[in-house]
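Here is the structure we will look at, set down as structure tokens.
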Amino acid sequence: MTLRSVLTGTGSALPRRVVSNQELAQTVDTSDEWIVERSGIRQRHIAGEGETTSTLAIEAANKALAAAGLQGSDIGLIVLATTTPDQTFPATATIVQDAIGANGGIAFDVAAVCSGFLYGLGVADAMLKAGMAKRALVIGAETMTRLLDWEDRATCVLFGDGAGAVVLEARDVAADGPGILATHLHADGAHNELLYVDGGPSTTQSVGHLRMKGREVFRHAVVNLADVLANVLAECGYTSADLDWVVPHQANQRILDATAKKLGLPPERVVVTVDQHANTSAASVPLALDTAVRDGRIQPGQLIVLEAMGGGFTWGAALLRV
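With the first letter of the sequence shown counted as 1, position 184 gets the number 183 in numbering that gives the first Met the number 0; the numbers rise by one all the way through.
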């Protein structure tokens, strides 16, 4: 038997307001054709009054708990990945903890931008295996639209808001049983200027706006994601042919297509939600995962890989059997 972090429930949440490309084109110098051609995005959800990173995270967490047949009091660890916390401090994870009735356990945020959920998954997996908790909630939640410069048409059309969550439980399982099999995480701070926010408490005392050099980010993303996917598979003795599903960060349809082609993966085995959600940063992987679980594509026993790359640069992949 092997101790593993087993996924027992998923959940997600989206703001009420849906904004199509056509609606966006009424206020931004763009068009539906321009956005779809460059990104594959057709709509996004934008947080409104009363909707924050924590409210979306709480909704996603409660849905994941319900799917797992648990209550908040059953959770001993909450790791929340976000670039857009409700406050500079305390951690948004503590707001979620109080709201779901998990007080007294461990709760903290991680900041790794679009790779944040993968980083949170790796941290939670290690802590569960170390015996620091029995069950964990790993959440990716963002209100990215509040970082956007709506005068910058190259970036403002690419992002949306949302949250996704998973419940993990430490269990002794057979070698071919469920659970997280491997996680590979990386970072390279040399590329800070390619994708960043031009603000912060210690520098400008302001929130700032998102800035991105899209062409350079695309080039790094395809190479880094293909490499990390190949490496996490090789560690466990698998190849891309063994995968049932790839659940990628939903940044750009062209990145998804190029990464799949580089690995020799058929497009029908890649979960795609970027057309409906746009890029929700740390929320995109768990959002896509929950979508595919709830529509029946992802089934117990299947082998899946999660992957993401974001500002920093940070990137990573996790291989698991559901």
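For glycine and all other residues, C-beta sits at the position ideal for the given N, C-alpha and C.
Fair warning: this is a prediction, and the values are worked out from it, not measured in the lab.
It is roughly 25 Å from the alpha-carbon of threonine 258 to the alpha-carbon of threonine 9. In the structure shown, the three-state DSSP call for tyrosine 195 is strand. If you look at histidine 190, you'll find it isn't in any alpha helix (DSSP H); DSSP assigns it neither H nor E. Rounded to the nearest angstrom, the Cβ distance from valine 137 to phenylalanine 107 is 12 Å, too far for a contact under 8 Å. As computed with DSSP, tryptophan 244 is found in a beta bridge with Ile303. Collapsing the DSSP output to three states places glycine 71 in a helix. According to the DSSP secondary-structure assignment, methionine 308 is paired through a beta bridge with Trp314.
In this structure, leucine 288 lies away from histidine 276, with their beta-carbon atoms at least 7 Å apart.
For methionine 211, the enclosing beta strand (DSSP E) stretches over residues 209-211. In the DSSP assignment, the residues bridged to asparagine 278 are Phe158.
With contact defined as three or more Cβ pairs closer than 8 Å, the region 118-127 and the region 137-155 are in contact. Sequence-distant Cβ neighbours of alanine 162 in its own chain, meaning closer than 6 Å and more than five residues away, are Ala12, Leu55, Ala56, Ala59, Ala140, Ala282. Taking the Cα of aspartate 187 as reference, the smallest distance to any Cα among Ile254, Ile105, Ala111, Arg3 is reached at Ala111. In the DSSP assignment, aspartate 124 falls within the unbroken alpha helix (DSSP H) covering 115-128.
Rounded to whole angstroms, the gap between the alpha carbons of alanine 174 and glutamate 22 is 51 Å.
Annotated three-state conformation of glutamate 267 is helix, per DSSP.
Beta-bridge partners assigned by DSSP to threonine 144: none are found.
Under DSSP, no beta-bridge partner is assigned to alanine 110. In the DSSP secondary-structure assignment, leucine 6 is bridged to Leu167. Taken through DSSP and simplified to helix, strand or coil, serine 239 comes out as helix. Methionine 143 and glutamate 150 have their alpha carbons spaced roughly 15 Å apart.
Bounds of the beta strand (DSSP E) holding leucine 184 are 178-186.
In the DSSP secondary-structure assignment, isoleucine 138 is bridged to Leu79, Ala164. Phenylalanine 116 is classed as buried because its beta carbon has at least 16 other beta carbons within 10 Å across all chains shown. Counting the other CB atoms within 10 Å of its CB gives glutamine 96 a total of 16 or more, which places it among the buried residues.
Relative to tryptophan 314, the option among Arg293, Val284, Ser30, Leu302 whose CA is nearest is Val284.
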